[in-house]
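Chains as they are written, first to last, in my numbering: chain B, 2 to 121; chain H, 457 to 861. Take a look at the structure set out below.
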């Protein structure tokens, strides 16, 4: 079973996304901010990371820089309500930049695509 | 907005300078004193200022206290209100990682500063080298070629090139190969005796730089170094050009020195005391600035037979007193004090060194705050010197900072 790490500071969204992604057959671990996520990544093998940007302690872009610093080659999807971070150079390092929506189909399709690519 | 303000300079000043030990025991290589009153980093910074660049980040990491102080005290000369700055950027220390993994990683980890400035081009400089260069000529060339990356190159003998990044270029100066420290450097197409080496000066289009840095950060096999990883990966994909160095030193031979070893350091300093030095520090067209405290003028006292001050072929900085001592072909940094009957030959004395009566110093580098006692000798008895000090291949004795007898 593929394991996803979800970084999201809003509890409601964390629960909602986790349920939805579990339905798709993924194992989901959660972190409330970037700092927590890095600690998890240091000790756990994860297949893909989904991260919000605006979070306390360590935001998603700083988390992304740190994830690359771990050099584990794990793909990262930015999942945010704000399109304006696309001009931040660090966001270019994400494998996908998606805008949050109540319909998770775009996110699910992107996860499939990125995990599929990794199998090759 | 003037053209130059669209360029952001990043000066990489984290060099360890391991082969300069013990001069780099307590300081990073760019902070190593040079030519009496300068530090190595002053040359790149002066070049940047003289080239009209006004947005400069200095990336520091290893043993940066002395460098930090020097730049804060000496280079805080711009108006932030006008968007001009020389700012120190300490290593942020990613979670888990100690220091930057390589030169490319040091820029990648500070990508945030590129967001803030959104420059069109990023000029990456090294704080390790001594040279005079007008970066405007490089910038013009880069734009003319519509290059993604332009590397400033220097010509050295094929044999010497082994220590550097060696480039092959076609007739349009488009770079066709780049090898870091090759065992058999390729000669230049026009002269089989010389090779083009990278001077560690890179001018990038910002967007290309960011994309290539991200690719490099994701490459788990990379050492995250511009010369070893990023540049070779760009060849055949991006427009990479070589810009043959144009020297503002305006002498017969072009001057660029990677002060890599104690002997290279010694020779480059000693050159300055020659009648017609290879490096001209007295050219008002291309001033090299530094930080200096307010110093009283140098002075010499006593002229009584044997007890006479005598200074020949030497650089004497402010605050020095040569009191009844002899100095020949030497460099004295500020606040050096020489007492009667002492003799200093072919040596470099850094700040606040004191030489006692009748002491004799030859072919030595004495680092800061050392008090050489009366009658002591350095540079006359290699076996004795070796017991206490580092001696270079070229037989230069190095007395470390603060050494106590």
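Every residue, glycine too, gets a C-beta built ideally from N, C-alpha and C. These numbers were taken from a predicted model, which means no experiment stands behind them.
- In the three-state reduction of the DSSP assignment, residue 543 of chain H falls in the strand class, which pools E and B.
- As far as DSSP is concerned, residue 527 of chain H takes part in no beta bridge.
- Around the beta carbon of residue 640 of chain H, fewer than 16 other beta carbons sit within 10 angstroms, so the residue counts as exposed.
- Residue contact with chain B for residue 673 of chain H: present (Cβ-Cβ distance below 7 Å to some residue of chain B).
- When rounded, the separation of the alpha-carbon atoms in residue 536 of chain H and residue 680 of chain H is 32 Å.
- Sequence-distant partners of residue 729 of chain H (beyond 5 residues in either direction) whose C-beta falls short of 8 Å from its own C-beta, in its chain, are 769, 770, 771, 785, 786 and 787.
- With 16 or more other Cβ atoms inside 10 Å of its own Cβ, residue 18 of chain B counts as buried.
- Residue 567 of chain H reaches chain B at 90 and 91, counting residues in chain order whose Cβ is nearer than 7 Å.
- Between residue 94 of chain B and chain H, the shortest Cβ-Cβ separation is below 7 Å.
- Comparing alpha carbon positions, the residue from B:38, B:116 and B:66 closest to residue 666 of chain H is B:66.
- Non-local beta-carbon contacts of residue 801 of chain H in its own chain, meaning distances under 6 Å to residues more than five positions away in sequence, involve 784 and 818 in chain order.
- Within a 10 Å sphere around the beta-carbon of residue 483 of chain H sit 16 or more other beta-carbons, which makes this residue buried.
- Residue ranges of uninterrupted beta strand (DSSP E) with 3 or more members, entirely inside the segment 717–801 of chain H and ordered along the chain, are 755–757, 766–768, 777–779, 782–784 and 799–801.
- Excluding sequence positions up to five before and after residue 547 of chain H, its CB lies within less than 8 Å of the CB of 470, 515, 516, 517, 555, 556, 562 and 565, all in the same chain and listed in chain order.
- In terms of Cα proximity to residue 700 of chain H, the closest of H:533, H:812, H:608 and H:797 is H:608.
- The alpha-carbon of residue 475 of chain H is positioned some 5 Å away from that of residue 717 of chain H.
- Taking 7 Å as the cut-off, the beta carbon of residue 587 of chain H is found no closer than this to the beta carbon of residue 746 of chain H.
- Of all residues in the segment 65–91 of chain B, only 66, 67, 69, 70, 71, 72, 73, 74, 88, 89, 90 and 91 place a beta-carbon less than 9 Å from a beta-carbon of chain H.
- By the criterion of at least three beta-carbon pairs nearer than 8 Å, the segment 667–674 of chain H is not in contact with the segment 587–600 of chain H.
- The C-beta of residue 756 of chain H comes no closer than 7 Å to any C-beta of chain B.
- Residue 782 of chain H has its alpha-carbon roughly 11 Å from the corresponding atom of residue 759 of chain H.
- Taking each of H:834, H:646, H:763 and H:642 in turn and checking the Cα distance to residue 628 of chain H, the smallest one comes out for H:646.
- In the three-state DSSP reduction, residue 621 of chain H falls in the strand class (E or B).
- Against residue 676 of chain H, the close residues of chain B are 72, 73 and 74, in the order they occur along the chain (beta-carbon pairs closer than 9 Å).
- For residue 679 of chain H, there is no enclosing alpha helix (DSSP H), since its DSSP letter is neither H nor E.
- Residue 82 of chain B is classed as exposed because its beta carbon has fewer than 16 other beta carbons within 10 Å across all chains shown.
- Between the beta-carbon of residue 688 of chain H and that of residue 620 of chain H there is about 14 Å, and that puts the pair past the 8 Å contact cut.
- Here the segment 22–30 of chain B makes no contact with the segment 90–97 of chain B; the two share fewer than three CB pairs at distances below 8 Å.
- Residues of chain B with a Cβ closer than 8 Å to the Cβ of residue 668 of chain H do not exist, since the nearest Cβ in that chain sits about 11 Å away.
- Note: residue 700 of chain H is bridge-paired with H:609 in the DSSP secondary-structure output.
- Contact with chain B is found for residue 571 of chain H, since one of that chain's Cβ atoms lies less than 7 Å from the residue's Cβ.
- Taking residue 612 of chain H as the centre and dropping the five residues before and after it, the same chain places the C-beta of 653 closer than 6 Å to its C-beta, in chain order.
- Put simply, the backbone Cα of residue 712 of chain H is about 15 Å away from that of residue 491 of chain H.
- Judged by DSSP in its simplified three-state form, residue 505 of chain H adopts helix.
- In the DSSP assignment, the residues bridged to residue 822 of chain H are H:805 and H:855.
- The beta carbon of residue 526 of chain H lies closer than 7 Å to those of 487, 495 and 747 in the same chain, with the five residues before and after it left out.
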